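Only one structure is covered here, and it is reproduced in the block below.
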Amino acid sequence: MTRSRIYSSGLPPVSPGMKVGLYGGSFNPAHDGHRHVAITALRRLGLDRIWCLVTPGNPLKDISALPTLETRLSGTAQVMNHPKIDITGAEKKAGTRYTAETLDWIQLRTRGIDLVWVMGADNLKQFHKWQRWQDILTRIPVAIIDRPGYSLSPLYATAAHHFAHARIPSHREKALATMACPAWTFLYGPRSNLSSTALRQSAKIQLTPDKQVP
């Protein structure tokens, strides 16, 4: 039995004053790299909870072959397997498609909660392509977790340049959740080489006829 709880259509329970990290993604499939990001944020930011927001689909990606939301919720819970990491499909209930819209919906329902947006460094490169990306950074603190090949992203990413004045040094990371926006930090440290894309490609190779075990 997994230690992460699944909330298929609603938000996990919270109490006033809690610090919660929001970690969104397709999780197709969820893997230890995702868990590494979640655990790193949980510990280094001093969060009470991480909510994995499993999206119905990423607007920037092809979703034609995307597994069902239920399948990805279950898979994410199995990988995360942590009592402080909750898995939710609330974005489907909210009827939102973009992160900014999802934040609108969540923040209306979490008064008195300190929220932080958590993402891997691979997302920072294209963050400026997200709908209302500047609005996101002025409404919620953002924590970016180092990923292989993206350690220098704060130097060249458009969003990082635009909000360079709001970057918080890592030694103040535990205060990020309660800081006035805009505020963001880049957390360097151990990295995981796993990616959902690589795992999907590996699965396709294993399923081709010449790779099957007789």
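Using the numbering used here, you'd call the opening residue of the sequence shown number 137 and step up by one each time.
Note that CB positions come from ideal geometry on N, CA and C, so glycine has one too.
Everything numeric in this text was worked out from a predicted model, so none of it was measured.
- Under the DSSP assignment, K197 falls outside any alpha helix (DSSP H); it carries neither an H nor an E label.
- Taking the Cα positions, I242 is about 8 Å away from L147.
- If you draw a straight line from the Cα of V156 to the Cα of R208, it is about 21 Å long.
- With a threshold of 16 other beta carbon atoms within 10 Å, S162 meets it and is buried.
- For the pair of segments examined, the region 256-272 was found to touch the region 287-301: the number of CB pairs separated by less than 8 Å reaches three.
- Cβ neighbours of P192 within its own chain (closer than 7 Å, five residues either side excluded): L205, E227 and K228.
- A direct Cα-to-Cα measurement between N194 and R233 gives close to 8 Å.
- The way I'd put it, the region 171-184 doesn't touch the region 266-273; fewer than three beta-carbon pairs between them come closer than 8 Å.
- When secondary structure is reduced to three states using DSSP, Y159 falls in the strand class.
- Contact annotation: the region 316-326 touches the region 297-308, with at least three C-beta pairs closer than 8 Å.
- Relative to the Cα of W266, the nearest Cα in the group S289, D168 and K197 belongs to K197.
- Listed in chain order, the non-local C-beta contacts of T246 below 6 Å within the same chain number zero, local neighbours out to five positions each way being set aside.
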